[in-house]
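Undergrad: Sharing a structure with you now.
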Amino acid sequence: MPASSQPQQHSSRLSASRREGERVTPLELFFDLVFVLAITQCTALMSHHPTWSGLLQGLLVLGVLWWAWTGYAWLTSVIDPEEGAVRLVIFAAMAALLIASLCVPEAFGSLGLAFALAIGVFRVAHIALFMLASPDDDALRHSVLSLAASTAVAVALLAAASLFDGLAQGALWALALFLDMAGPYFFGAEGWKLVPGHFAERHGLIVIIALGESIVAIGLGAAGALDFGIGAVAVLGVGLAAAMWWIYFDVVALVSARRLSEAEVGRVQNELARDSYSYVHYALVAGIVLVAFGLKTTIAHSSDQLDDVPAFALLGGVAFYLLGLVAFRYRHVQTVNRRRLGIAIVLVILVPVATAIPALLTLAIADLLLWSLIVYEHRGYGEGRDQLRHEFSVSGHSGDPDQNP
């Protein structure tokens, strides 16, 4: 390629052009590894404070981190993250996210201000790259400026929260997260750009990362020891994580990615992506983090009864995950998966029972319910499932337009 053509190529990569046909890049996977630590730290926060307030704090911190992460999933649907100057900014953002992750265990304590400042730097890098990506796109620039306003308000509230404690601090955190996440809902979705396949794959990979963290939690809870109880919890814990993987990736992820790709480009497609991925996937990841906390406690006390908080985390986390999938389906096809909803309700009802039986038995019940659901749905999908998976793997598009997730 002649040297004179290279500046034009550089400019196009920083424009708001869509990334048609591009897969998730190695740098994006590298970037997501930092988010692994963030998820692990949220589990650690809950483990260090196994109370209802500690559980709520962990979910609030995860919400702030999640919303910051998902913004970069939108960003890399616009620009190539591996382009020279952009790559350096992504590295700087990774460093800021790492600092924020290190602050998580004391985000409601002595490191509250440091956490807010680190998240602020992470978000500023995101906004700056979006501004670079929209020099000739007024609609995108308007959306970015609106996002910058809601971001500034949220970060300011998080910084202010570091001056308080107790209920006032929690209320400021909740307000910051609500205003931050509600911003794109109120200022519209018309201006955003999206590569559907990339966007769906990016969120699917983060679900895998979160599930991997639940496996890590088992190892941390074992603390280098091994007996029958620990081994049984480890096996059942892997079985639970595998069931959660199956329920999402066997059919749901494929059909939903296709529906996003086939949605009308512009506001309709952007709103579907915002609602079903940016919003609903927080419920999926939060459910997995709760399960990780529950597994970490279970493997350390396999023969004992769980206290109410870890019992809720283990069973309620699976229920939260299933409810997220119910919402995911409803947003795509406006129908409710009654089986998954029913299992979620049963799991919540079983929480008091879990405080009266051995933790190992509680985990076995959760496994049994999920795998029974999988067997039932697998039979219900019939040949349509095999056709769907085969056609998607061959062409990248699913086959049966009436197949629901």
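Going by our numbering, the sequence shown opens with residue 20, and the numbers climb by one from there.
Built from N, CA and C at the ideal position, the CB exists for glycine as well.
#1: Go through its chain and collect everything with a Cβ distance to residue 109's Cβ below 7 Å, but skip five positions before and after it.
#2: Give me whichever residues DSSP pairs with residue 188 in a beta bridge.
#3: Just the Cα atoms here: how many angstroms apart are residue 243 and residue 318?
#4: Per the contact definition of three or more C-beta pairs closer than 8 Å, is the stretch 108-126 in contact with the stretch 335-354?
#5: What's the gap between the Cα of residue 351 and the Cα of residue 250?
#6: Just verifying my parser: in three-state terms, what is the DSSP assignment at residue 21?
#7: For residue 198, which residues in the same chain have their Cβ closer than 8 Å to its Cβ, ignoring the five residues on either side in sequence?
#8: Between which two residues does the alpha helix (DSSP H) holding residue 344 run?
#9: What separation, rounded to the nearest whole angstrom, lies between the Cα atoms of residue 141 and residue 161?
#10: At which residues does the alpha helix (DSSP H) containing residue 288 begin and terminate?
#11: By Cβ distance below 8 Å, which residues in the same chain neighbour residue 299 in space, the five residues on each side in sequence not counted?
#12: In terms of residue numbering, what span does the alpha helix (DSSP H) encompassing residue 330 cover?
#13: Label residue 76 either buried or exposed according to how many other C-beta atoms from any shown protein chain fall within 10 Å of its C-beta, with 16 as the threshold for buried.
#14: Give the C-beta separation of residue 67 and residue 112 to the nearest angstrom, bearing in mind that I take them to be a contact with Cβ-Cβ under 8 Å.
#15: Touching or not, the stretch 218-227 and the stretch 88-97, by the rule of three or more beta carbon pairs under 8 Å?
#16: By a C-beta neighbour count over all protein chains shown, 10 Å radius and 16 as the cutoff for buried, is residue 311 buried or exposed?
#17: Cα-Cα, which of 182, 257, 289 is closest to residue 133?
#18: Could you work out which residue in 188, 321, 211 is closest to residue 166 when comparing CA atoms only?
#19: Using the beta-carbon count (16 or more within 10 Å), is residue 54 buried or exposed?
#20: Just checking, does the stretch 374-385 make contact with the stretch 250-260 on the three C-beta pairs under 8 Å criterion?
TA: Taking the definition as stated:
#1: Here residue 109 refers to the residue found at position 90 of the sequence shown. Around residue 109: 46, 50, 100.
#2: Here the question's residue 188 lines up with position 169 in the sequence shown. Answer by DSSP bridge pairing: none, since residue 188 is not bridged.
#3: Position 224 of the sequence shown holds residue 243. Position 299 of the sequence shown holds residue 318. Going by the C-alpha atoms only, they are around 11 Å apart.
#4: no
#5: Taking the sequence shown and counting its residues from 1, the one referred to as residue 351 is at position 332. Taking the sequence shown and counting its residues from 1, the one referred to as residue 250 is at position 231. Spanning the two alpha carbons is a distance of roughly 40 Å.
#6: To locate residue 21, count along the sequence shown from 1; it is residue 2. Below a pLDDT of 50, predicted positions are generally treated as unreliable, and residue 21, at 39, falls in that range; no measurement from the model is reported.
#7: Working through the sequence shown from its first residue, we reach residue 198 at position 179. Within the same chain, residue 198 has close Cβ partners 169, 172, 173, 176.
#8: Taking the first residue of the sequence shown as position 1, residue 344 is located at position 325. Segment 336-352, the alpha helix (DSSP H) holding residue 344.
#9: Position 122 of the sequence shown, counting from 1, holds the residue named residue 141. Position 142 of the sequence shown, counting from 1, holds the residue named residue 161. Spanning the two alpha carbons is a distance of roughly 20 Å.
#10: Your numbering for residue 288 matches position 269 in the sequence shown. Residue 288 -> alpha helix (DSSP H) spans 286-292.
#11: Reading the sequence shown from its first residue, position 280 is the one you call residue 299. These residues qualify, in order along the chain: 343, 346, 347, 350.
#12: Your numbering for residue 330 matches position 311 in the sequence shown. 327-330 is the span of the alpha helix (DSSP H), which, as asked, contains residue 330.
#13: Numbered from 1 along the sequence shown, position 57 holds the residue referred to as residue 76. Classification for residue 76: buried.
#14: What you label residue 67 is simply residue 48 of the sequence shown in a count that begins at 1. What you label residue 112 is simply residue 93 of the sequence shown in a count that begins at 1. At roughly 27 Å, the Cβ-Cβ gap does not stay under 8 Å, so residue 67 and residue 112 are not in contact.
#15: yes
#16: Along the sequence shown, read from residue 1 onward, the residue named residue 311 stands at position 292. The residue in question, residue 311, is buried, as its Cβ has 16 or more Cβ neighbours within 10 Å.
#17: Here residue 133 corresponds to residue number 114 of the sequence shown, with the count starting at 1. Answer by Cα proximity: 182.
#18: Counting from one through the sequence shown, the residue named residue 166 turns up at place 147. Minimum Cα distance to residue 166 is reached at 211.
#19: By one-based count along the sequence shown, residue 54 stands at place 35. It counts as buried.
#20: yes
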